[in-house]
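Down below is the structure, laid out as structure tokens.
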Amino acid sequence: SSLTGQAGDADAGGDGGGGGGGCDPQHRLQNVHDGVPLPGDARDCHLVQGAYDYHHYMQDRFDDAGWGCAYRSLQTLCSWFRRQQYTSKPSPGHREIQQILVKLGDKDKSFVGSSKWIGAIELSYILDDYLDVVSKIVTVNRGSDIPQHARELAEHFKRHGTPVMIGGGVLAYTLLGVYFNEQTGDCAFLILDPHYTGGEILSKIHKGTWVGWKRPGDQAAAGGPLFVNDAFYNFLCPERPNEV
Numbered sequence: 001s002s003l004t005g006q007a008g009d010a011d012a013g014g015d016g017g018g019g020g021g022g023c024d025p026q027h028r029l030q031n032v033h034d035g036v037p038l039p040g041d042a043r044d045c046h047l048v049q050g051a052y053d054y055h056h057y058m059q060d061r062f063d064d065a066g067w068g069c070a071y072r073s074l075q076t077l078c079s080w081f082r083r084q085q086y087t088s089k090p091s092p093g094h095r096e097i098q099q100i101l102v103k104l105g106d107k108d109k110s111f112v113g114s115s116k117w118i119g120a121i122e123l124s125y126i127l128d129d130y131l132d133v134v135s136k137i138v139t140v141n142r143g144s145d146i147p148q149h150a151r152e153l154a155e156h157f158k159r160h161g162t163p164v165m166i167g168g169g170v171l172a173y174t175l176l177g178v179y180f181n182e183q184t185g186d187c188a189f190l191i192l193d194p195h196y197t198g199g200e201i202l203s204k205i206h207k208g209t210w211v212g213w214k215r216p217g218d219q220a221a222a223g224g225p226l227f228v229n230d231a232f233y234n235f236l237c238p239e240r241p242n243e244v
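Note that the UniProt record's numbering has the sequence shown beginning at 1, numbered continuously upward.
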């Protein structure tokens with residue numbers, strides 16, 4: 001299994017740029033949600049367990065604004081498996097992600113080097129092929145129904161503690177936690193937003209709510225509704241590998 005990580009895997013990325021191979025983990029902020037106030041009782045908040053890197057638009061001197069959000073969310077998910085030492089592989093770059101999908105027969109050769117969007121299904125293929133990680137996909141037919149899945153998503157964080165990718169319409173987000181009050185049904189979602197284009201400045205990220213708790217009906221950091229009522233959403237929930 002590649003989860004054990006062979007020697008040399010860390011160098012598998014080649015040029016280290018977002019457009020090519022792996023990503024350099026040195027120049028990224030980790031655990032940017034630390035310090036964000038909880039929306040309710042801590043006992044009702046179920047968060048990512050362990051460290052991850054914040055991947056977002058424009059990193060690695062690579063301009064993917066407008067199309068690369070799901071790639072960046074995937075890179076954040078992969079960073080969690082590396083930070084928890086389930087693998088020594090770096091997060092794959094955009095081109096490497098595209099090459100894997102072509103190799104698997106999911107995409108045509110012309111996909112490599114393109115600015116084409118990917119979604120939760122493609123991410124599940126990549127996690128399986130690149131890291132031997134199995135994922136569960138929670139499908140929500142309407143954005144307005146997402147609160148009904150808060151309990152199920154909270155269970156994911158309790159059991160696996162891995163970051164989750166949300167894909168809907170042409171937007172992707174990373175989910176880092178769920179607040180769910182059993183008595184009232186009140187809920188909120190800790191969103192890490194890959195659409196941020198600024199530098200690695202934590203105060204700016206917090207001020208712009210590029211990481212923050214969002215309630216149903218709230219706006220996304222870049223404007224517009226976070227969850228569109230009549231849009232279809234997939235939540236990609238990676239499973240924590242079994243300890244050998």
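We put the CB at the ideal spot given by N, CA and C, even for glycine.
Where K207 is concerned, the enclosing alpha helix (DSSP H) starts and stops at 202-207. The residue among A172, H160, T184, D230 with its C-alpha nearest the C-alpha of Q84 is H160. At a cut-off of 3 residues, not a single continuous stretch assigned as beta strand (DSSP E) sits fully inside the stretch 91-129. Comparing C-alpha distances from I121 to each of P241, E239, N234, N242 shows the shortest one belongs to N234.
Fewer than three beta-carbon pairs drawn from the stretch 199-210 and the stretch 164-180 are found closer than 8 Å, and the two stretches are therefore not classed as touching.
Across the structure, K89 and C78 are spaced so that their CA atoms are roughly 8 Å apart.
Around the beta-carbon of P37, fewer than 16 other beta-carbon atoms lie within 10 Å, marking it exposed. A straight-line Cα-Cα distance of about 8 Å links H206 and V32. Going by DSSP, A154 is part of no beta strand (DSSP E) but of the alpha helix (DSSP H) stretching over 150-159. With a 10 Å radius around the Cβ and a threshold of 16 neighbouring Cβ atoms, R215 comes out exposed. A straight-line Cα-Cα distance of about 25 Å links V164 and Q183. Going by DSSP, T76 is part of the alpha helix (DSSP H) stretching over 69-83. A direct Cα-to-Cα measurement between C45 and S91 gives close to 28 Å. In this structure the stretch 65-82 lies against the stretch 122-131, because at least three pairs of beta carbons, one per stretch, are closer than 8 Å. Here Y86 is not near R72, since their CB atoms are 8 Å or more apart. A direct Cα-Cα distance of roughly 28 Å separates Q75 from Q148. In the DSSP secondary-structure assignment, A231 is not bridged to any residue.
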